[in-house]
Amino acid sequence: MATKTTGAQAPIPHAENTVIGGANSRSSLMVPGGQPNWTAHYAWSRERGGPGLTVCLFRLVFDGHEVADGDALAAYIIHVTADSRYRLWLNGAPLGFGPAKGSLARYHFETYTLGALLRPGKNILAAEVRFFGENSPVSEVHSPVPGFVVQGPSGAGMDTPGNWKVLRSQAVTPDRTAYIENAHQFLDHMDREDLRLTPRGWREVEFEDAAWESAQSTGPAAAVGAIWGVKPMRNLTPRDIPALLEERRDFQRVIRDHRVIENPFGETPRGIEVAPGQSLRVLLDAGQYMTGFPELAFSGGEGREVRVLYAEALGRWVAAPDGKRKWLKSGVRDDLANEPHGYRDTVILGGGETRWEPFYWRAFRFIEIEILAGGALVTLQNAQYRLCVYPQKASAAFASSDARSEQIWTVSQHTYRIGAHEIYDDSPYFEQLSYIADTRLEALGSMYLCNETRLPRRTLQLFLDTLRADGLIDARVPCQYGRQTIPYFCLHWILMVEDYWKWVGDADGGFVRDCMMAVDTILLFFRRRLRPDGFVGVTGGWNMVDVADEWPNGEPPSVTQGGSTYLTCLFVEALRAANRLHGQAGLPADGLRWLVLADQLQKKIAAAAWDEAAGLFRESVDSRGDRFSQHTQAGAINAGVADARQMGRILERLCSDAALIQTNSMQSFYLTRALAAAQAFDQWHGVVLQPWREALDKHLTTWPEYPDPTRSDSHAWAAWPAVVYISGVLGIQPGAPGWASVKLAPQVGGLDWAEGEMLSPRGKIDVSWRKKNGRLDFAAHVPDGLPVDLTLPGAKPERIEAGGKIERRLTLR
């Protein structure tokens, strides 16, 4: 959604007013297919700085007449990267920022078409480059050597270091204050920026840079003439995803002294004046949890300190048992009787007309602007923000007889949207890391809701690149330090590979086959740890399954001590997935060993872990007094361990017995899959979705990490209900890899009617069904010629080879 630029100042120049680097941008980022012949070097100032955050400003003035003219401008490209991060402008208009997160083995560069922003006569490329060093966020993987690379057309004189000028900026210092919980452990720092120390107009052609030093080389961009197989420290790789979408938005409410005031940043902005000696606190409400760049415009106020605080919710301070104060989110997140709390950026104004935004996007629902008392008059002229997210376009729709399904659908879509940037962020406010169990569900959201496969593929690759000597992959990526081991997460990565294979099929079969080596080594890791009784033994690492009172750090004792029914069932499920992957994408013989093992373990679990008196599977073969869990029952059903009789017994207690350890957030997805397999989907609507309904009552606009008390108010591993609405309630799933056929198997329990659509790689598919007077009316439309396997409740499965329009009426039993 495009919004107006308001305020006394002219609009911030962009290649497009609302989208930077998007498909319609006059100056856009490309996703190239190959490598340039690297001639440029990394450039930096004479003094490298460090060991922590170091900032350099770069300028290159060049003559457009010597480069291109007329139509040739549109094809003019440059390749750019940096260690650690850059922001780039051409003639005052932002080109983009990068490099995209990755690893040293796959260190990305961006390719830009300069397009119509390149003009005859003098032009200027300008960049702010930050080397993180010891102040690196956990999710940023970089080298210990700073540098900035630009490579232009041959003979254009744009390669670094060349004619580039550089200034070591002293304006930004890292603020490592632990403002809120553990955010600083992952983000490392926020910014303290003194705008008095930034040369005014430094991105303009006319700026006088004679006092700036000439940029120095810190080494070639790529190895030149290497014949011994030695790769450079950073293995430059083309960016594999498009530019992030940036879209200018207005804040929905302005709040002072706990009251909503008339928005001073509306159609006729007046600004807010703060006289000398006075201070100001103003709270801006985005209306939804957002990720993006706040844009603040000031006039005057030289030397005045401005604090920009980012809050997920409003809350209150309470006394903790240790005597310290603790901030708690309010039950209703936007209750104005409460106050914001969170981490913050600090800005020292430089006077005159000033526009400020952070170097990197921030996560917030509320932003508090505090202008401290000072000696100069200052006016807050304008306050907006640019939404910043991965550019995946929602193409699915859903509605049903459940009055709250529309809200659940909408919040799920939005949670997915703001949880995706250059990677899937488990929490945009805290870690900003991809964890396997989180990203499997986020990738399903991308595929089912947006028919998006680039970000799921990139995520699989990031994990694949961490393959270790023990056969496992890292649990989180990209990760600068602290490689994390969560063994059971690796089994979910195998399931994620199969999700991707089902979606793309042979269109990307080569990549899926590349993943099979890690699939096998993960399974070998677990096979080596099987006990004589057929259950997985001690795996080490951290196996955080879910939050529960008797599970320290989220780990079931049966998992940490060995012999877990849950973990062994998950292993069986991954074995069967690997067998299918080998059979469909590779060589069937490679998968037979996993099929044989799965069959053997399935029989052992069913015989040894079943408790006939309880009608449930025990947590381990050794446990007798432990509390049963929903997790283990769902795992036994999903792995095919539970037979029909056992499933019937399990269903008697699965969702109705509060004595069972309950699934939360991510794990409830697997409970839902078990209910679908057991034909008990009415319990999903009636029981499993209740925490999501309670979150709506608290005015959450994204799904939290866990039910309250929760750390994060936005955690996309809880957005999966939208996927289930499409794949479960409507029953639309790929019937064969690459959507060579469609499976339609709607789950009609618990609702009177449902309808919706999604975009598959083969085209749009829509489904509707309605129950009335003991009948089910079903209708669907799939692309002509696309085979359909149709399974309706109580009816014999049928194959419809021609696709097209399908209508059925049947009597429900």
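Residue numbering for the sequence shown follows our numbering, starting at -4 and increasing by one per position.
For every residue, glycine included, the Cβ atom is placed at its ideal position computed from N, Cα and C.
Computed from a predicted model, the values in this text were never measured in an experiment.
DSSP state of Glu208, grouped into three classes? In this structure, Glu208 counts as strand in the three-state DSSP scheme.
Taking Gly504 as part of the beta strand (DSSP E), name the residues at either end of that continuous run. Gly504 -> not in any beta strand (DSSP E); alpha helix (DSSP H) instead, spanning Gly504 to Arg522.
Using only the heavy atoms of the ligand ADP, determine whether one of them is closer than 6 Å to the beta carbon of Glu447. Annotation note on the ligand ADP: not contained in the displayed structure, which lists no ligands.
Buried versus exposed, by CB contacts within 10 Å (16 or more), Thr563: Classification of Thr563: buried, given that the 10 Å Cβ count is 16 or more.
How is Ala63 classed by DSSP in three states: helix, strand or coil? Because the pLDDT at Ala63 is just 45, under 50, the model does not fix this residue reliably, and the point stays unresolved.
Rank Ala731, Phe92, Arg299 and Arg471 by C-alpha distance to the C-alpha of Gly500 and give the top, closest one. Selected option, being the one with the closest Cα: Ala731.
Relative to the C-alpha of Pro215, which candidate in Glu334, Thr76, Ile119 and Gly296 has its C-alpha closest? When only C-alpha atoms are compared, the closest one is Thr76.
By alpha-carbon positions, which one of His74, Val514, Leu182 and Gly529 ends up nearest to Arg571? Distance from the Cα of Arg571 is smallest, within the candidate group His74, Val514, Leu182 and Gly529, for Val514.
Using DSSP with H/G/I as helix, E/B as strand and the rest coil, what is Ile489? Three-state result, Ile489: helix.
Burial state of Trp734 (16 or more Cβ within 10 Å): The residue in question, Trp734, is buried, as its Cβ has 16 or more Cβ neighbours within 10 Å.
Given a cut-off of 7 Å on the beta-carbon distance, is the pair Leu382 and Glu290 in contact? Cβ distance not < 7 Å, so Leu382 and Glu290 don't count as in contact.
Under three-state DSSP, which class holds Glu849? Past the edges of the chain, shown from -4 to 808, lies residue 849, and the structure says nothing about it.
How far does the beta strand (DSSP E) with Leu291 in it reach, from first residue to last? In the DSSP annotation of this structure, the continuous segment of the beta strand (DSSP E) that includes Leu291 starts and ends at Leu275 to Gly295.
In three-state terms, what does DSSP make of Met539? Correct three-state label for Met539: coil.
In the DSSP assignment, find the alpha helix (DSSP H) that holds Lys117 and state where it starts and stops. Counting along the chain, Lys117 falls outside any alpha helix (DSSP H), though it belongs to the beta strand (DSSP E) covering Lys117 to Phe126.
Between Val167 and Val50, what straight-line distance do the alpha-carbon atoms span, to the nearest angstrom? One C-alpha to the other measures close to 7 Å.
So what's Thr667 in DSSP terms, helix, strand or just coil? Correct three-state label for Thr667: helix.
Using the C-alpha atoms, what's the distance from Leu331 back to Ser325? The alpha-carbon of Ser325 is positioned some 10 Å away from that of Leu331.
State the start and end residues of the unbroken alpha helix (DSSP H) segment that holds Gly578. The continuous alpha helix (DSSP H) containing Gly578 extends over residues Thr560 to Ala580.
Pair within 7 Å by beta-carbon distance, Gln211 and Arg41: In this structure, Arg41 lies closer than 7 Å to Gln211 by Cβ.
Could you pull out every residue in the same chain whose Cβ sits closer than 7 Å to the Cβ of Leu796, ignoring the five residues on either side in sequence? Sequence inspection shows Glu at residue 796; the Leu mentioned does not correspond to that position. Answer for Glu796: Pro782, listed in chain order.
In three-state DSSP terms, what is Gln595? In the structure shown, Gln595 sits in a helix (DSSP, three-state: H, G or I).
Residues bridged to Asp183 (per DSSP): None; Asp183 has no bridge partner.
With 16 other Cβ atoms within 10 Å as the buried cut-off, status of Glu257: Exposed, since its Cβ has fewer than 16 Cβ neighbours within 10 Å.
For Val540, which residues from the same chain have a beta carbon less than 8 Å from its beta carbon, with the 5 sequence-adjacent residues on both sides left out? Contacts found: Tyr483, Trp546, Gly549, Glu550, Pro551, Val554, Tyr561, His626 and Gln662.
Specify the secondary structure class of Met753 as computed by DSSP and reduced to three states. When secondary structure is reduced to three states using DSSP, Met753 falls in the strand class.
From what residue to what residue does the alpha helix (DSSP H) around Ile727 run? Careful: Ile727 lies outside any alpha helix (DSSP H), inside the beta strand (DSSP E) at Ile727 to Ala731.
Quick check on Lys800: does DSSP put it in helix, strand or coil? In this structure, Lys800 counts as strand in the three-state DSSP scheme.
Which stretch, first to last residue, makes up the alpha helix (DSSP H) that contains Trp404? Residue range Ser400 to Ile413 is occupied by the alpha helix (DSSP H) that includes Trp404.
Pairing CB atoms from the stretch 519 to 535 with CB atoms from the stretch 575 to 585, are three or more of them under 8 Å? No contact exists between the stretch 519 to 535 and the stretch 575 to 585.
Verify whether the separation of the beta carbon atoms of Arg808 and Phe773 is less than 7 Å. Cβ atoms of Arg808 and Phe773: not closer than 7 Å.
In terms of residues, what are the limits of the alpha helix (DSSP H) holding Gly440? Gly440 -> alpha helix (DSSP H) spans Ile431 to Cys445.
Identity of the residue in Ser709, His694 and Ala653 nearest Val683 by Cα: Out of Ser709, His694 and Ala653, Ala653 has the C-alpha closest to the C-alpha of Val683.
Quick check on Ala111: buried or exposed, where buried means 16 or more other Cβ atoms within 10 Å of its Cβ? Exposed.
So Gly532 and Gly557 are supposed to be a Cβ contact under 8 Å. How far apart are they, rounded? Right, their Cβ atoms sit about 4 Å apart.
Relative to the C-alpha of Leu815, which candidate in Asp58, Tyr37, His74 and Phe53 has its C-alpha closest? Residue 815 lies beyond the residue range present for the chain, which begins at -4 and ends at 808; the question has no answer from this structure.
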